[in-house]
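J.: Here the sequence shown is numbered in our numbering, starting from 24 and rising by one per residue.
For glycine and all other residues, C-beta sits at the position ideal for the given N, C-alpha and C.
Here you go, one structure.
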Amino acid sequence: QEFGAWRHHRTEEVLDTLAQLSGMSDRKERRRRVAETLEMVGLDGVADRKVKKLSGGMVRRLGVAQALVHEPQVIIVDEPTVGLDPEERMRFRQLMNQLGRDRTILLSTHIVADLGAGCREMALLDGGRIEFQGPPSELLQRAAGRV
């Protein structure tokens with residue numbers, strides 16, 4: 024996620040503006056939701072920090088916050104953990120596990136360790152076709168002795 028145009032703005036300000044642009048017009052509700060979302064992604068401690076001062080992992084989390092601030096029921100992420108250090112990768116997986124309890128997450132990845140982390144059901148695509156759909160445990164059983 025890139026926030027080049029927002030580099031000189033505070034993290035909270037960026038998220039507040041993006042929430043407003045997505046249709047959240049009630050200022051009090053928007054501020055509450057921005058604070059809640061920053062806490063959810065672990066950026067509440069850097070709400071006043073300018074984007075250019077954030078680490079790469081923090082910028083990624085700001086991108087996730089941008090997607091979550093309006094409480095979508097479906098979240099689509101493409102290669103979300105590429106380039107993250109192990110700690111950030113674990114934090115991202117925990118967040119996706121938490122969010123996946125009450126919404127659908129469509130995750131595209133080539134990182135095997137990210138597959139099935141905390142999900143109840145998964146689908147594997149190959150060439151645009153569903154090759155497997157079911158719980159991760161079933162996929163592991165099918166793959167036993169083949170990998």
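1. Comparing C-alpha positions only, which one of Ala42, Ser48, Asp149 sits nearest to Leu61?
2. Can you check DSSP and say which residues form a bridge with Asp149?
3. What residue range does the beta strand (DSSP E) around Thr127 cover?
4. Nearest by alpha-carbon distance to Glu59: which of Ala88, Ser78, Arg165 is it?
5. Taking the C-alpha atoms as reference points, what is the distance between Ser48 and Ala167?
6. Going by DSSP, name the residue or residues bridged to Lys73.
T.: So, to answer that:
1. Reading the sequence shown from its first residue, position 38 is the one you call residue 61. Measuring from the Cα of Leu61, the nearest candidate turns out to be Ala42.
2. Within the sequence shown, the letter at position 126 stands for residue 149. For Asp149, which the question treats as bridged, DSSP gives the partners Arg152.
3. Taking the first residue of the sequence shown as 1, we reach residue 127 at position 104. Where Thr127 is concerned, the enclosing beta strand (DSSP E) stretches over 127 to 131.
4. Locating residue 59 in the sequence shown gives position 36, counting from the first residue. Relative to Glu59, the option among Ala88, Ser78, Arg165 whose CA is nearest is Ala88.
5. Taking the sequence shown and counting its residues from 1, one reaches residue 48 at position 25. Taking the sequence shown and counting its residues from 1, one reaches residue 167 at position 144. If you take the alpha carbons of Ser48 and Ala167, they lie about 52 Å apart.
6. Reading the sequence shown from its first residue, position 50 is the one you call residue 73. Beta-bridge pairing links Lys73 to Arg33.
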